[in-house]
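*Asks:* Its first residue numbered 1, the sequence shown is counted upward by one per residue in the UniProt record's numbering.
Beta carbons: idealized from backbone N, C-alpha and C, even for Gly.
What you are looking at is a predicted structure, and each value in this text was computed from that prediction instead of being measured.
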Amino acid sequence: MPSGPVLESAGVRLRALRPRDEAEWMDLRARNREWLRRWEATLPPEAQAADMSFRAFTRLERRQRRELSALPFAIEVDRRLVGRVAVAGIQWGAQRSASLGYWIDEGYTGRGIVTRAAAMAATYAFDIGLHRLEIAIRPENAASRRIAEKLDFTEEGERRSYLFIDGAWRDHLIFARTQDDPRPSRYWDVDG
């Protein structure tokens, strides 16, 4: 039984992680540890993080999808896990907003996969009733900035010391779009 939507477009498939993905996921993460270190948020040293098994991690994500507090997806290409896209920190009520985040295996960069995956996740988020999505990007992350630009997100400004990444609090540029913004980019033409 699927534990969430499966989205597919132009050879890119988004789906929930399953307990049986553990070995492939752990290998993907291990191969890309150094590649992601400069961009991926972590807990600051004073925060207490409990170790979580992969099975517990997939259960947590299933609960987040059910509660619509986050929409985490694994990215697949040719039935291989190659990355991640997530609509996280969903706020309902009057705000109806969330953050959009993503990463990909270093060996799959430059192919438009993350741009397509981000468009698919954003389209789904808007379809279920979110009004605004933000992408927070470190200023020096040119590849991630290109993704936001290709998807016609508007740069709104800088948040100082926004996320703890690679051992320090890092500034981020904020890009956003709303459900009402036109979607002229070819990446918004998602099927299914």
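Applying the criterion that 16 or more other CB atoms from any shown protein chain within 10 Å of the CB defines a buried residue, is Leu100 buried or exposed?
*Replies:* It counts as buried.
*Asks:* So what does DSSP say about Ala118, is it helix, strand or coil?
*Replies:* It is helical.
*Asks:* Return the first residue and the last residue of the alpha helix (DSSP H) that Leu36 is part of.
*Replies:* Looking at the DSSP string, the run of the alpha helix (DSSP H) that includes Leu36 is 33-37.
*Asks:* For Val12, count neighbouring C-beta atoms within 10 Å of its own C-beta (all shown protein chains included) and say buried if the count is 16 or more, exposed if not.
*Replies:* Per the 10 Å Cβ criterion, buried.
*Asks:* Could you give the distance in angstroms between the alpha-carbon of Leu28 and the alpha-carbon of Gly83?
*Replies:* Going by the C-alpha atoms only, they are around 8 Å apart.
*Asks:* Would you identify the three-state DSSP class for Glu126, choosing helix, strand or coil?
*Replies:* The displayed chain sequence assigns Phe, not Glu, to residue 126. Reduced to three states, the DSSP call for Phe126 is helix.
*Asks:* How long is the line joining the alpha carbons of Leu17 and Leu71, rounded to whole angstroms?
*Replies:* Answer to the nearest angstrom: the Cα atoms are 11 Å apart.
*Asks:* Is Glu76 buried or exposed, if buried means 16 or more other CB atoms sit within 10 Å of its CB?
*Replies:* Glu76 is buried by the Cβ-count criterion.
*Asks:* Alpha carbons only, please: which of Arg132, Ser69, Ala41, Pro5 is nearest the one belonging to Glu156?
*Replies:* With distances taken between Cα atoms, Glu156 lies closest to Arg132.
*Asks:* Nearest-angstrom Cα distance between Ile135 and Gly110?
*Replies:* Approximately 19 Å between the Cα atoms of the pair.
*Asks:* What residue range does the alpha helix (DSSP H) around Thr42 cover?
*Replies:* Segment: none, Thr42 is in no alpha helix (DSSP H) and carries neither H nor E.
*Asks:* Of the choices Asp166, Phe175, Leu173, whose alpha-carbon is the least far from that of Pro45?
*Replies:* Comparing Cα positions, the closest option is Asp166.
*Asks:* Here's the rule: buried if 16 or more other CB atoms are within 10 angstroms of the residue's CB, otherwise exposed. What is Leu7?
*Replies:* Buried is the call here.
*Asks:* Based on the DSSP secondary-structure assignment, which residues constitute the bridge partners of residue 194?
*Replies:* Outside the modelled stretch of the chain, which goes from 1 to 192, sits residue 194, for which no answer is possible.
*Asks:* In the DSSP assignment, what are the bridge partners of Arg170?
*Replies:* DSSP output for Arg170 lists Leu163 as bridge partner(s).
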